Amino acid sequence: MPRALRRKLVIVGDHETGKTSLFTAFAHGRFPEPYVPSVFESFVADRKVNGYDVELALWDTVAGTPDLDRIRPLSYSGTHVVLLCFSVDSKESFDRVEEHWIKELRHFLPYIPILLVATKTDLRHDAQLINKLSRSGRHLITTEEGSMLAQKIGATLYCETSAKQIHGVQDTFHRAMQATVREEETGCCLVL
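Given below as structure tokens:
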């Protein structure tokens, strides 16, 4: 009989990086339209992973104001894995992974697996947006840039997603659950 595990996953990242859309795409299998911003939202998913029955509690967190930044760490208690998100169309959210987020996470969750997650990858096929960014000397974050950042911050894994196209969503959450199961099997976290 498979062993049951209870795990907690927290999604963090800058405001408007697509965290809530990623959360909704996994939890409900659809892109949220119209978009409704969250303060703290949670959902429980039951999945079988590596022979374990995993009950995964997902917590969608908030960012953007000093008040919200002060209360967000309260959601970290009991966390087993983190999805740290940036949006491919936001160099600012990408830069803040290293400047802010990884520092906060390593302070509050020093030994917890962190998956770096690129969101909104469907925008890489939006010629109009690409031209607009190019005219202002900017570009969309590439897979290579994301992979390099993941290595630099010591992320367990790098994933790319599009909640709008439901691309990479299930795989990202499955890999996050695998990271928590490996921790159970080995007694420590394993870098994938």
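For the sequence shown, UniProt numbering assigns the number 1 to the initial residue and increments by one for each residue that follows.
Here a beta-carbon is modelled for each residue, glycine too, at the ideal position from N, C-alpha and C.
Just so you know, these numbers come straight off a predicted model, no measurement behind them.
Which of helix, strand or coil DSSP assigns to aspartate 67: In the structure shown, the three-state DSSP call for aspartate 67 is helix.
N- and C-terminal bounds of the beta strand (DSSP E) containing lysine 8: 4–13 is the span of the beta strand (DSSP E), which, as asked, contains lysine 8.
Alpha-carbon spacing of tyrosine 158 relative to glutamate 144, whole angstroms: Answer to the nearest angstrom: the Cα atoms are 10 Å apart.
Rounded straight-line distance, which links the Cα of leucine 116 to that of tryptophan 101: Cα-Cα distance, rounded: 11 Å.
Contained beta strand (DSSP E) runs [length at least 3] in the segment 120–168, N- to C-terminal order: Taken in chain order, the complete beta strand (DSSP E) segments of 3 or more residues contained in the segment 120–168 are 157–160.
The beta strand (DSSP E) enclosing leucine 105, as first and last residue numbers: From DSSP, leucine 105 is part of no beta strand (DSSP E) but of the alpha helix (DSSP H) over 102–108.
Sequence-distant residues of the same chain with beta carbon closer than 7 Å to serine 93, five excluded per side: These residues qualify, in order along the chain: Gly13, Asp14, Thr17, Phe86, Ser87.
Secondary structure of aspartate 89, DSSP reduced to three states: Coil, per DSSP.
Assigned secondary structure, tyrosine 52 (DSSP; H/G/I helix, E/B strand, else coil): Note: tyrosine 52 maps to strand in three-state DSSP.
Contacting residues, own chain, Cβ-Cβ under 7 Å from lysine 120 (five flanking each side not counted): Annotation for lysine 120: Gly18, Ser87, Val88, Asp89, Ser162 place their beta carbon closer than 7 Å to its own, counting only its chain and skipping 5 residues before and after.
Which of helix, strand or coil DSSP assigns to valine 97: Valine 97 falls in the helix class under three-state DSSP.
Cβ-based neighbour list, glutamate 160, same chain, cut-off 6 Å, excluding 5 preceding and 5 following: Result list for glutamate 160: Ala118, Thr121, Gly168, in chain order.
Same chain only: Cβ atoms within 6 Å of phenylalanine 108, ignoring 5 sequence neighbours per side: Take phenylalanine 108, set aside five residues on each side of it, and the residues of its chain with a beta-carbon closer than 6 Å to its own are Pro73, Tyr76, in chain order.
For phenylalanine 31, three-class secondary structure by DSSP: DSSP places phenylalanine 31 in coil when its eight states are reduced to three.
Contact under 9 Å by Cβ, arginine 7 with threonine 180: Their beta carbons are under 9 Å apart, which means arginine 7 touches threonine 180 by this criterion.
Proline 110 versus Leu58, Gly78, Phe43, residue with shortest Cα-Cα distance: Ranking Leu58, Gly78, Phe43 by Cα distance to proline 110 puts Gly78 first.
Residues near valine 10 in its chain [Cβ-Cβ closer than 7 Å; skip 5 each side]: The answer, listed in chain order, is Trp59, Thr61, Ser75, Tyr76, Thr79, Val82.
Which residues DSSP lists as bridging aspartate 46, in chain order: Answer by DSSP bridge pairing, in chain order: Glu55.
Residues near alanine 27 by beta carbon distance below 8 Å, same chain, minus five either side: Excluding the 5 residues flanking it on each side, alanine 27 has same chain C-beta neighbours closer than 8 Å at Phe43, Ala45, Leu58, in chain order.
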